[in-house]
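Residue numbers (our numbering), protein chains in the order written: chain R, 1 to 504; chain P, 1 to 387.
This report refers to the structure that appears directly beneath it.
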């Protein structure tokens, strides 16, 4: 008459445990679903009914009441189909209610009784308190990432019922497979000819996790460079890998074979992206945005000047805090957002602007183009580099340059040094620890003072410069930050005045 | 107190206030010597004045009807009073300040804002060029404007974006008194980005226009404005011009009036200098710096320092490097400064010519920037703009 089953729903990137309670009683045949289900959840009724009938089972011709506890939490998605179906079968004595003890389930049902994958399996499996979890075969590997050894995979409702009756379900064993870097598809840095400065900027950005802005005419290789940055980053560590996997799972991003995201992700949203798609949100369910999907990896904004100003300015707070708090009337969520921001832009709409004098844009068009980039956003780019198309000689005859693997070795060394300081990368060094881990010589201080007094640097800029200096020092193998290192950090931050205007 | 405008001036102003009367039609109306007052009187009665020749194409009976209605329903003197209220002066050929007495194609009347005496005594040099100028072009225009103003020259320009604006900004930066010749009404700032400059020129110098106050920008008004500049200036200097650029129109107008034209040499790779370089090929004397201009003007040039560093590509690398103070520079630093002096140079190019690691070069460039020896614009090293 009564059965319960544990399951979960996902909100943002967090799974929340849900108990599905099913009560089948005397009375007119009917079906009531309570406990704040949303439309997609309410529709489960018809799927569950058809699936039960198609699987050769019986739909109870009695009064069926289903409660999704806790009732304060809004439930969405089709992941509750399977637990509801199993609960109904148990409550109508078609399977033994006791067999559901200690068992959780997630999965969407097809009308033929087949089990379909649902989004956010990683988050869902992590939230379910039961000892064993039944999942669709399609998401089983991902579920096993958070609950290794606890996942039972099935193809259909009929198969689950059969197994429960016999007390035997196939257990998917997922060994988190290490992804070999050499096997990582993606372009190699050795393809980039010439452009020593941009390559160096890429190396510093990767080593220290510093945000990078590239300005240059079309065809100068900005996109090519940016897409190679992610290859320089070391594998994600356990915690970050799990976090990124959860975000990807919740956002419906395809997960790699083995389920766990080990390589830093590269997300490159198109410049038409809305603010919500970037930072997360949405009306039906709080979905993580692109910046959360890029957590632990690279967010590449190509054509920075074409993004909506509101979308860009929404990045400011997450850039600072490493998380984004999305609040809606009904619910709020804190989503991870610690990423390396790489942006590329043309100097002006026609792309030929800057110092060349070839620009065909009117002054007004140029102003309109750069007006979208607010000063505070630009201030957050620690490295600004002007990319120029390499000369024909270099393109045709240039020798192969250093490969991704060679540069990645140096990057990894700097990241290890940062790990000894207790942070993932130097960009995350808190300001109050800089004196301790990045001590300045007197000449270096003088150089910074000059920059501050000439009004080229904000207070935030000063902190950023010091972290970049720390990274450069790590790369060249220096302990103390001298004026040379501060000087190169300052030069790397030089504002492209002819593009963005003079003020900071 | 201003003297009351003469009937002739009132009539001329009334004529240019009419819709569809630009320089060509006002020359037709007034060019054959019929007094303006008579022309107005005839037009008011919907008749073309006798003795001015056949109506040019486009002047229809309907248009004459419109003119007549306009002239009948508004008193020209009242319209002028409106201009006076806004602080504008109005001058005609009878005025002492009138600069177009011998011009083949004079305006019929001039509206002005600022100090009219500016047109009288000091030499006038027009510094003009493309709106789409390069960074170098902007610097050269700024430098020329400053140097010429320091030498006591009145810098004339068109208050357009690009070279025109930079030249006036240069003149203002040393306390000079610029003269702006504009194509719109004096109360219609165009382009609006120049609003501040517009007011600065009016306050410190003089703005003139042949268009009745309130006249909106129209394409054809700017070539017409160029002819006024050419007719006013003693010398025209073209800083940068694209092939077939609008500045070349000013050149033609100047040559028609026997006014010398100088062109600033530019890089052969820069499209913004294609027009000026062609002028040099055609035999136009070069203006490498203010002294070149002052020589033609017959004045003494300022001491040799100064603009040479700003004219960059124009004066060649050797001369430019000498213009920079080189005391205390290491050989390495000097090589960077020399390259930047020849033309703005990207750090990638510096890297390929000097033996040093990237952090070393970056640090050295930063040290030079701190001392003000060079400027770093993104990743491009150049010499600082003259101030």
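Backbone N, C-alpha and C fix where the C-beta goes; we use that ideal spot for every residue, glycine too.
No experiment lies behind these values; they were computed from the predicted model shown.
* Asked: Ordered along the chain, which non-local residues of its own chain (more than five positions away) have a Cβ less than 6 Å from that of residue 226(P)?
  -> 249, 250, 253
* Asked: Which chain R residues sit within Cβ distance under 7 Å of residue 132(P)?
  -> 359, 360
* **is_contact[residue 378(P), chain R] using C-beta, thresh 8 Å** => yes
* To do: For the beta strand (DSSP E) containing residue 277(P), list its first residue and its last residue.
  => Where residue 277(P) is concerned, there is no enclosing beta strand (DSSP E), although the alpha helix (DSSP H) it sits in stretches over 274 to 281.
* Reduced DSSP secondary structure (H/G/I, E/B, other) of residue 156(R) -> strand
* **Distance between residue 208(P) and residue 344(P) (C-alpha atoms, nearest Å)** => 37 Å
* Sequence-distant residues of its chain with Cβ nearer than 6 Å to residue 63(R) (five each side left out) -> 25, 27, 30
* Asked: Is the Cβ-Cβ distance between residue 122(R) and residue 246(R) less than 8 Å?
  -> yes
* For residue 351(P), which residues of its own chain have a beta-carbon under 8 Å away from its beta-carbon, when the five flanking residues on both sides are left out? -> 358, 361
* To do: Check whether the Cβ of residue 191(P) lies closer than 8 Å to any Cβ atom in chain R.
  => yes
* **residue 480(R) classed as buried or exposed, judged by whether at least 16 other C-beta atoms fall within 10 angstroms** => exposed
* Taking only beta-carbon positions, decide if residue 383(R) is within less than 8 Å of chain P. => no
* Asked: In chain R, what lies closer than 8 Å to residue 164(P) by C-beta?
  -> Going along chain R, no residue has its Cβ under 8 Å from residue 164(P), so there is no contact; the nearest lies around 11 Å.
* **Helix, strand or coil at residue 75(R) [DSSP, three-state]** => strand
* Inter-residue spacing [alpha-carbon to alpha-carbon] between residue 288(R) and residue 189(R) -> 31 Å
* Decide if residue 145(P) is buried, meaning its Cβ has at least 16 other Cβ atoms within 10 Å, or exposed. => buried
* Asked: Which whole-angstrom value describes the C-beta separation of residue 221(R) and residue 387(R), a residue pair presumed to lie in contact below a C-beta threshold of 8 Å?
  -> 6 Å
* The beta strand (DSSP E) spanning residue 31(R) covers which residue range? -> 30 to 34
* What are the boundary residues of the alpha helix (DSSP H) that residue 413(R) is part of? -> 404 to 420
* **Neighbourhood of residue 322(R) by C-beta, 7 Å cutoff - its chain only, sequence neighbours within 5 removed** => 337, 338
* Asked: Given a limit of 7 Å on CB to CB distance, which residues of the segment 343 to 357 of chain P reach chain R?
  -> 344, 346, 347, 348, 351
* Compare the C-beta of residue 366(P) with all C-beta atoms of chain R and state if any pair is closer than 8 Å. => yes
* Whether residue 297(R) touches residue 233(R) by CB criterion (8 Å) -> yes
* Would a check of beta-carbon distances place residue 70(P) closer than 8 Å to chain R? -> no
* To do: Measuring only between beta-carbons, confirm whether residue 44(R) sits less than 8 Å from chain P.
  => no
* Which class does residue 346(P) belong to by DSSP, given the choice of helix, strand or coil? -> strand
* Asked: How would you call residue 148(R), buried or exposed, if buried means at least 16 neighbouring beta carbons within 10 angstroms?
  -> exposed
* Inter-stretch contact (C-beta, 8 Å, three-pair minimum) for the segment 50 to 68 of chain P and the segment 157 to 176 of chain P -> no
* To do: Assess, as a yes-or-no matter, whether the segment 18 to 36 of chain P is touched by the segment 95 to 110 of chain P under the definition of 3 or more beta carbon pairs within less than 8 Å.
  => yes
* What did DSSP end up calling residue 151(P) once you bin it into helix, strand or coil? -> coil
* Proximity winner among 495(R), 253(R), 244(R), relative to residue 377(P) (alpha-carbon distances) -> 495(R)
* Straight-line gap, residue 591(R) to residue 318(R) (C-alpha atoms, nearest Å) -> In the structure as shown, chain R starts at 1 and stops at 504, and residue 591(R) therefore has no counterpart that could be examined.
* Should the segment 6 to 22 of chain P be called in touch with the segment 358 to 366 of chain R, which here means at least 3 C-beta pairs below 8 Å? -> no
* Once you ignore the five residues that flank residue 460(R) on each side, which residues in its own chain have a CB closer than 7 Å to its CB? -> 379
* Asked: Which residues, in order along the segment 197 to 229 of chain R, keep a beta-carbon less than 7 Å from a beta-carbon of chain P?
  -> 197, 200, 215
* So which residues on chain R does residue 161(P) lean against when the C-beta distance must stay under 9 Å? -> 362, 363, 364
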